[in-house]
Every structure is written in C-alpha cells, then in structure tokens.
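The letter at position 129 of the sequence shown is residue 433 when you use our numbering, and the numbering goes up by one with no holes.
All C-beta atoms in this analysis are idealised placements derived from N, C-alpha and C, irrespective of residue type, glycine included.
Everything numeric in this text was worked out from a predicted model, so none of it was measured.
This report refers to the structure that appears directly beneath it.
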Amino acid sequence: MGVMELLGVDKLIKFGRIIKQIGGVRAALKKRYLMDVTRAGTLVGEDKFGNKYYEDNSYFVPRNRWVEFPEKVIIGSGFGADFYVRRQALMLQVWLDYDASQVPPEWHRWLHHITDDTPTQKPPQNEKWVMQHEENLSIFEDKKYIPYSTTRTKIQAWQPGQKKQQ
Numbered sequence: 305m306g307v308m309e310l311l312g313v314d315k316l317i318k319f320g321r322i323i324k325q326i327g328g329v330r331a332a333l334k335k336r337y338l339m340d341v342t343r344a345g346t347l348v349g350e351d352k353f354g355n356k357y358y359e360d361n362s363y364f365v366p367r368n369r370w371v372e373f374p375e376k377v378i379i380g381s382g383f384g385a386d387f388y389v390r391r392q393a394l395m396l397q398v399w400l401d402y403d404a405s406q407v408p409p410e411w412h413r414w415l416h417h418i419t420d421d422t423p424t425q426k427p428p429q430n431e432k433w434v435m436q437h438e439e440n441l442s443i444f445e446d447k448k449y450i451p452y453s454t455t456r457t458k459i460q461a462w463q464p465g466q467k468k469q470q
C-alpha cells in the first residue's frame with residue numbers, strides 16, 4: 305500500500321476523472337441530485353424513448369449497469385404521418401417523475417443481467433403478437449385512468465341558495 309493510496313489521493317484522482325467524463329462540476333451535481341450517486345461509464349446504447357444505458361464493470365454486478373432518463377419524454381409512441389408535427393406538443397418535462405415502466409422490455413433484459421447482449425448487438429425478434437411498449441401514464445394527472453363508477457355517493461354536497469329537500 306503506497307502513500308497515495310494511504311492518503312486517499314487515488315480516490316480523488318478517480319473522482320476528478322469521473323467529473324471530467326460527466327461534463328464538469330455542474331453536470332456532476334445534477335447527476336448526483338437525480339441519481340443519488342456520481343458515476344460515469346461507457347455508453348452502451350440508447351432506446352427510442354431517449355433513455356441512455358451505461359455500463360461500468362468496476363462496480364459490483366447488480367450496480368454496474370444503469371439507465372439515465374431524458375429530461376423530456378415524448379408521450380405516445382405512435383409514428384403516424386403527423387407524428388413529427390405533433391411531437392413538440394407531446395413532449396413533457398419529466399425531471400424527477402421517472403419510473404421503471406419507461407424502460408422497454410428489450411433493455412430491461414440487459415439492465416437486469418438476464419442477457420449480456422444489448423438490443424443494439426442482438427435485436428429482439430418482433431413477433432406479430434407482441435404489443436408496442438408504452439410507459440405507465442398514471443404519473444401524469446391528465447393521462448391517468450379513472451374508472452367509471454355506478455355507485456351513488458354517500459353524501460351530497462351542499463349547494464348554497466337551494467331549498468331543503470323533503
């Protein structure tokens with residue numbers, strides 16, 4: 305064990321390399337805020353939703369692969385004729401409202417070590433019975449599913465200016 309390791313200088317040098325690779329102190333602080341950890345790895349691929357997938361094998365196995373979600377997400381994955389016209393209207397600011405349903409199944413396999421081949425290396429077979437992946441939209445208030453109910457409410461709201469019903 306050398307003096308550099310004893311004083312922890314090697315850790316500072318590694319941290320400096322990570323900050324440089326991320327893109328500076330400001331970008332490192334932002335990543336730290338979003339992910340609770342400051343780490344950099346090799347970019348393995350990107351999916352159609354804008355998620356970026358990284359790998360760094362210097363970390364232990366469950367933590368060596370991760371995803372970074374984009375700050376803006378396109379709602380609705382249909383690629384119709386007018387998709388690119390509507391694209392700006394469909395982009396939503398996500399910031400901290402990301403969840404695991406934003407990761408498509410083919411990248412989920414790689415992320416959870418089910419396979420070592422990324423979808424860019426070995427694309428999955430598109431069967432005709434497979435549905436198009438769509439994220440869980442319940443985090444957006446206007447896209448949330450609210451079931452219809454036939455049950456009467458147990459209380460009636462008071463409306464001012466109405467006479468009492470008998």
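Here the alpha carbon of K315 sits roughly 27 Å from the alpha carbon of L415. Note on P464: under 16 other CB atoms within 10 angstroms of its CB, so exposed under the neighbour-count rule.
Put simply, the backbone Cα of E410 is about 15 Å away from that of W433.
Excluding its 5 nearest sequence neighbours in each direction, E372 has C-beta neighbours in its own chain below 6 Å: K356, listed in chain order. V407 counts as buried, since at least 16 other C-beta atoms from the protein chains shown sit within 10 angstroms of its C-beta. Less than 8 Å divides the Cβ of I322 from the Cβ of T342. Residue environment for R330: exposed (fewer than 16 other C-beta atoms within 10 angstroms of its C-beta).
For the pair S405 and E439, the CB atoms are nearer than the 8 Å cut-off.
R369 and L338 have their alpha carbons spaced roughly 16 Å apart. In the assembly as shown, A461 is an exposed residue. Its beta-carbon has fewer than 16 other beta-carbons within 10 Å. Between T419 and V348 a beta carbon distance of about 13 Å is seen, past the 8 Å cut, so the two are scored as non-contacting.
In the three-state reduction of the DSSP assignment, Y357 falls in the strand class.
In the DSSP annotation of this structure, the continuous segment of the alpha helix (DSSP H) that includes L415 starts and ends at 409-415.
Straight-line measurement puts the Cα of A344 at about 11 Å from the Cα of N361. Shown here, V329 sits in a helix according to DSSP, grouped into three states. Under the 10 Å beta carbon count, Y402 is surrounded by 16 or more other beta carbons and is classified as buried.
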